[in-house]
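The structure under discussion appears below in the form of structure tokens.
Structure below.
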């Protein structure tokens, strides 16, 4: 933080400017640039273009980098912006027209509420913006007589939200198991689907990927080859939608900061739970650490309903065929199996999607 303030002060001293009037547009701003991991990379003063926009493009930007914007007197303008477009500044306050006689001062328009606070489980803003979302419903709605848009209601960052997309938006980057959904309409998304998305500077959705769709039949007893880590269920060629994340490998030394893992929930403890792949070897099982703030969603295979849950909803499966060393000898269709898709950041589960009651 000290480094950020020092750099901002240096940049502000290069081009002196009075603080902008309330409601006025900015002639120039201070932009501070950060890596996807939150490290400060640079700072500069940017002047507006003739059309009133301010370009945030940064020559040294890499995937996941972001910017924070400040007025020349170091007051924050907003939180996080991606570095691939223009920041549209607010319009200047209009000059009131003179009137022949005094008139009542109109009531000010209500000020939009601030963006919801970032849940505590996300230590860095980019970790929050790149969280996956769980679909509750999807529809096409009318904007005007001649225009429609997609409205996808999701659970995201532990809250309900609606993603609005223009009618030419199509799904991309879908996982191997649902590759047939590539170029599909967002209205074809279903309850319980897991998606990732990115946004433009304007807040509009840039792209959306379907990374997981709940299977209708039990997964671990299926004869379909889904990969040693179930990776075909939620990734394509090792890539998870539009995420800068890695597939967790069972029995390997996983060191990536952000990872996704899928598996059968075999045990649950107060501060962790255990996932198994199809091999079911005890030594290869994944122990997933959780905190009170870990965000959990659930999908019940019987009710076909997605909901916001809690860590108490992470429920172990009924597994009946163990040996004395804790290895699972076989998976039985007579056992009730529960699964989880998990995003792990710095060794902690930040987002967990639980699918319960297969074979019930």
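In our numbering, the protein residues as written are 373 to 732. Cβ coordinates follow ideal geometry from the N, Cα and C atoms, glycine included.
Residue i: first and last residue of the uninterrupted beta strand (DSSP E) it sits in
{"i": "residue 679", "result": "677 to 680"}
{"i": "residue 519", "result": "519 to 528"}
{"i": "residue 672", "result": "667 to 672"}
{"i": "residue 579", "result": "577 to 584"}
{"i": "residue 507", "result": "505 to 516"}
Enclosing alpha helix (DSSP H) for residue i [first to last residue]
{"i": "residue 606", "result": "603 to 606"}
{"i": "residue 501", "result": "497 to 501"}
Residue(s) in a DSSP beta bridge with residue i
{"i": "residue 400", "result": "419"}
{"i": "residue 440", "result": "404"}
{"i": "residue 631", "result": "618, 716"}
{"i": "residue 730", "result": "709"}
{"i": "residue 566", "result": "506, 584"}
{"i": "residue 693", "result": "Note: residue 693 sits in no beta bridge, so no partner."}
{"i": "residue 414", "result": "405"}
{"i": "residue 721", "result": "716"}
{"i": "residue 365", "result": "This structure cannot speak to residue 365, because the chain is shown only from 373 to 732."}
{"i": "residue 532", "result": "527"}
Contact belief for residue i with residue j at Cβ below 8 Å, rounded distance in angstroms
{"i": "residue 715", "j": "residue 504", "result": "6 Å"}
{"i": "residue 712", "j": "residue 564", "result": "Actually they are not in contact, since the Cβ atoms of residue 712 and residue 564 sit about 13 Å apart, beyond 8 Å."}
{"i": "residue 553", "j": "residue 582", "result": "5 Å"}
{"i": "residue 490", "j": "residue 449", "result": "Between residue 449 and residue 490 the Cβ distance is about 17 Å, and since that is not below 8 Å, they are no contact."}
{"i": "residue 580", "j": "residue 571", "result": "10 Å between Cβ atoms; not a contact."}
{"i": "residue 585", "j": "residue 550", "result": "5 Å"}
{"i": "residue 688", "j": "residue 704", "result": "So it is not a contact: roughly 15 Å between Cβ atoms."}
{"i": "residue 590", "j": "residue 727", "result": "Actually they are not in contact, since the Cβ atoms of residue 590 and residue 727 sit about 11 Å apart, beyond 8 Å."}
{"i": "residue 439", "j": "residue 405", "result": "5 Å"}
{"i": "residue 361", "j": "residue 628", "result": "The requested residue 361 is not part of the displayed model; the chain covers only 373 to 732."}
{"i": "residue 732", "j": "residue 700", "result": "Not quite, the Cβ-Cβ distance comes to about 19 Å (not below 8 Å), so this is no contact."}
{"i": "residue 507", "j": "residue 561", "result": "5 Å"}
{"i": "residue 441", "j": "residue 403", "result": "6 Å"}
{"i": "residue 614", "j": "residue 545", "result": "6 Å"}
{"i": "residue 650", "j": "residue 567", "result": "Not really, about 25 Å apart at Cβ, beyond 8 Å."}
{"i": "residue 418", "j": "residue 530", "result": "About 34 Å; that fails the 8 Å criterion."}
{"i": "residue 646", "j": "residue 658", "result": "7 Å"}
Where residue i falls: helix, strand or coil (DSSP)
{"i": "residue 460", "result": "Because residue 460 carries a pLDDT of 45, less than 50, the predicted location of this residue cannot be relied on, and no value is offered for it."}
{"i": "residue 644", "result": "strand"}
{"i": "residue 661", "result": "strand"}
{"i": "residue 549", "result": "helix"}
{"i": "residue 700", "result": "strand"}
{"i": "residue 686", "result": "coil"}
{"i": "residue 427", "result": "strand"}
{"i": "residue 539", "result": "coil"}
{"i": "residue 589", "result": "coil"}
{"i": "residue 489", "result": "coil"}
{"i": "residue 574", "result": "coil"}
{"i": "residue 556", "result": "coil"}
{"i": "residue 449", "result": "strand"}
*Counting pairs of beta carbons, one from the region 627 to 637 and one from the region 589 to 605, are three or more of them closer than 8 Å?*
Flag = yes, the region 627 to 637 and the region 589 to 605 touch.
_Inter-stretch contact at 8 Å, needing at least 3 Cβ pairs: the region 536 to 544 / the region 654 to 661_ = no
*Does the pairing of the region 687 to 702 with the region 608 to 621 give three or more beta-carbon distances under 8 Å?*
no
*Segment contact flag, the region 657 to 668 with the region 705 to 724, C-beta cutoff 8 Å, min 3 pairs*: yes
_Meets three-Cβ-pair contact criterion under 8 Å: the region 506 to 514 and the region 523 to 535_ = yes
*Is there contact between the region 619 to 630 and the region 670 to 684, where contact requires at least three CB pairs shorter than 8 Å?*
In short, these stretches do not touch, since the Cβ pair count stays below three.
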